[in-house]
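What follows is a set of notes on a single structure, which appears directly below.
Residue numbers (the numbering used here): 8 to 325.
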């Protein structure tokens, strides 16, 4: 098979390119994930989409293809509370990667937490390295998610084709749709809350439209250096999604900062030691992360108990 007919549509430049339908995008991504195309076609797809940008319909189609092929993890049959999914792909460059702290705080609330990801840039410290320093290692493919615990799954365990697409960045130096796709996919079979993040404002609108279109239960925020954790220094805006409805549950913090938290360095061992101090109560939880934990747990409760098709401001903390 070939994806050349799709490349002709998306590869006509910024002004001449045509968007694919959801069905076409699903067919295209399915061929990419299954390795049915040449390396040259993969490169052409990645560069063409980087210039054109993805539409919500295209991203929904990419998700359709991915979910049809993804290895999904399960909770034990008796568990009714939703899991929480934290995609971790950016890592730390200037600030410590605190996704593991967010995961452990959520687990302390009794939720099963799945962190998935892989290293996409050699110059950054990944959450996986910090998790390893905290003695949290990769799941076996047969493991179930356990409430009150943090689990880590490498991307290649969820689908090797996704890892191959992400690795294209190491060759061409540019992101491609897979970098957004892994932040929007749901690798859990059963109820789950996705915590997703964007790096640049341009992605806020596309990700908002996609989450609304796919009816994914989610919390979306501008994360720390692209990680799905609130910046410990300043609370970002946070939007909750349920049944296609979006609600602003946290306004962005405004004004000048009068005090900055005492954060660790980026080295995995140093970050892990600081996280242990926070969990022990020796260091306070940064307020933005505490707010994020509150919103995620409230969304999880709403997903479990609410029969209403809409999410209202009163169902989540303001």
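Every residue, glycine too, gets a C-beta built ideally from N, C-alpha and C.
**Message:** Between which residues of its own chain and residue 162 is the CB-CB distance below 7 Å, once the five residues before and five after are set aside?
**Reply:** Along the chain shown, one-based indexing puts residue 162 at 155. Counting only Cβ-Cβ distances below 7 Å, and skipping sequence neighbours, we find 123, 124, 125, 169, 170, 173, 189.
**Message:** Within 10 Å of its beta-carbon, does residue 208 have 16 or more other beta-carbons around it, so buried, or fewer, so exposed?
**Reply:** Counting from one through the chain shown, the residue named residue 208 turns up at place 201. Burial call: exposed.
**Prompt:** Do residue 235 and residue 203 have their C-beta atoms within less than 8 Å of each other?
**Reply:** For the purposes of this step, residue 235 is taken as the residue at position 228 of the chain shown. For the purposes of this step, residue 203 is taken as the residue at position 196 of the chain shown. Yes, these two residues count as a Cβ contact at 8 Å.
**Spatial distance of residue 110 from residue 270 (CA atoms)** = As a first step, residue 110 must be located in the chain shown, where it is residue number 103. As a first step, residue 270 must be located in the chain shown, where it is residue number 263. Rounded to the nearest angstrom, the two C-alpha atoms are 17 Å apart.
**Neighbourhood of residue 165 by C-beta distance below 7 Å, restricted to the same chain and skipping five residues each side** = Locating residue 165 in the chain shown gives position 158, where the first residue counts as 1. Cβ within range, chain order: 77, 78, 123, 194.
**Message:** Just to confirm before moving on: does the CB-CB distance between residue 132 and residue 175 stay below 8 Å?
**Reply:** Position 125 of the chain shown holds residue 132. Position 168 of the chain shown holds residue 175. In this structure, residue 175 does not lie closer than 8 Å to residue 132 by Cβ.
**Request:** With distances taken Cα to Cα, identify the nearest neighbour of residue 116 among 41, 182, 213, 156.
**Result:** Residue 116 sits at position 109 when you count from the first residue of the chain shown. Cα-wise, what sits closest to residue 116 is 156.
**7 Å CB neighbourhood of residue 18 in its chain, flanking five on each side removed** = On the chain shown, position 11 is the one that residue 18 refers to. Counting only Cβ-Cβ distances below 7 Å, and skipping sequence neighbours, we find 24, 51, 55.
**Request:** Give the DSSP-derived three-state secondary structure of residue 303 in the structure shown.
**Result:** One-based indexing of the chain shown puts residue 303 at position 296. If DSSP states are grouped into helix, strand and coil, residue 303 belongs with the helices.
**Backbone secondary structure at residue 75 - three-state DSSP** = Here the question's residue 75 lines up with position 68 in the chain shown. Three-state DSSP puts residue 75 in a helix.
**Request:** Return the CA-CA distance between residue 68 and residue 46, expressed in angstroms with no decimal places.
**Result:** By 1-based counting over the chain shown, the position of residue 68 is 61. By 1-based counting over the chain shown, the position of residue 46 is 39. Rounded to the nearest angstrom, the two C-alpha atoms are 22 Å apart.
**Message:** Does the contact criterion of 3 or more C-beta pairs under 8 Å hold for the segment 291-299 versus the segment 241-250?
**Reply:** Flag = yes, the segment 291-299 and the segment 241-250 touch.
**Message:** Let's test the definition: count the other Cβ atoms within 10 Å of the Cβ of residue 11 and tell me whether it reaches 16, buried, or not, exposed.
**Reply:** To locate residue 11, count along the chain shown from 1; it is residue 4. Answer is exposed; the Cβ neighbour count stays below 16.
**Prompt:** Measuring CA to CA, which of 198, 38, 222 is closest to residue 91?
**Reply:** Taking the first residue of the chain shown as position 1, residue 91 is located at position 84. Out of 198, 38, 222, 198 has the C-alpha closest to the C-alpha of residue 91.
**Request:** Under the assumption that residue 214 contacts residue 249 (Cβ atoms under 8 Å), give the Cβ distance between them as a whole number of angstroms.
**Result:** Sequence index remark: in the chain shown, residue 214 carries index 207 (1-based). Sequence index remark: in the chain shown, residue 249 carries index 242 (1-based). Actually they do not touch by this definition, with Cβ atoms about 16 Å apart.
**Asked** residue 210 bridges to which residues according to DSSP?
**Response** Indexing the chain shown from 1 puts residue 210 at position 203. Partner(s): none; residue 210 has no beta bridge.
**Asked** From residue 139 to residue 114, what does the alpha carbon distance come to, in whole angstroms?
**Response** Locating residue 139 in the chain shown gives position 132, counting from the first residue. Locating residue 114 in the chain shown gives position 107, counting from the first residue. Looking at the two C-alpha atoms, the distance is approximately 17 Å.
**Prompt:** If you run the structure through DSSP and keep just helix, strand and coil, what is residue 186?
**Reply:** Stepping through the chain shown from its first residue, residue 186 is reached at position 179. Reduced to three states, the DSSP call for residue 186 is helix.
**Asked** Span of the alpha helix (DSSP H) holding residue 139?
**Response** Counting from one through the chain shown, the residue named residue 139 turns up at place 132. Per DSSP, residue 139 belongs to the alpha helix (DSSP H) from 134-140.
**Prompt:** So the beta strand (DSSP E) residue 411 belongs to, where does it begin and stop?
**Reply:** Absent from the structure is residue 411, since the part of the chain shown begins at 8 and ends at 325.
**Request:** Taking all protein chains shown into account, decide if residue 257 is buried (16 or more other Cβ within 10 angstroms of its Cβ) or exposed.
**Result:** Position 250 of the chain shown, counted from the start, is the residue given in the question as residue 257. Buried, because 16 or more other Cβ atoms sit within 10 Å of the Cβ of residue 257.
**Asked** Closest to residue 9 by CA distance: which of 20, 42, 22 is it?
**Response** In the chain shown, residue 9 corresponds to position 2, counting from 1. Of 20, 42, 22, the residue nearest in Cα terms is 42.
**Request:** Take residue 53 and list the residues in its own chain whose beta-carbon comes closer than 6 Å to its own, dropping the five residues that flank it on each side.
**Result:** The count along the chain shown starts at 1 and reaches residue 53 at position 46. Hits under 6 Å: 175, 183.
**Message:** Looking only at its chain, what residues have a beta carbon closer than 6 Å to the beta carbon of residue 278, apart from the 5 residues adjacent to it on each side?
**Reply:** By 1-based counting over the chain shown, the position of residue 278 is 271. 103, 137, 271, listed in sequence order.
**Prompt:** Three-state secondary structure (DSSP) at residue 270?
**Reply:** By one-based count along the chain shown, residue 270 stands at place 263. The DSSP-derived three-state label of residue 270 is coil.
**Request:** May I ask you to report which of helix, strand or coil DSSP gives residue 162?
**Result:** Numbered from its first residue, the chain shown carries residue 162 at position 155. Here residue 162 sits in helix by DSSP.
**Request:** Output the boundary residues of the alpha helix (DSSP H) element that contains residue 238.
**Result:** By one-based count along the chain shown, residue 238 stands at place 231. Note, residue 238: premise wrong, no alpha helix (DSSP H); not H, not E.
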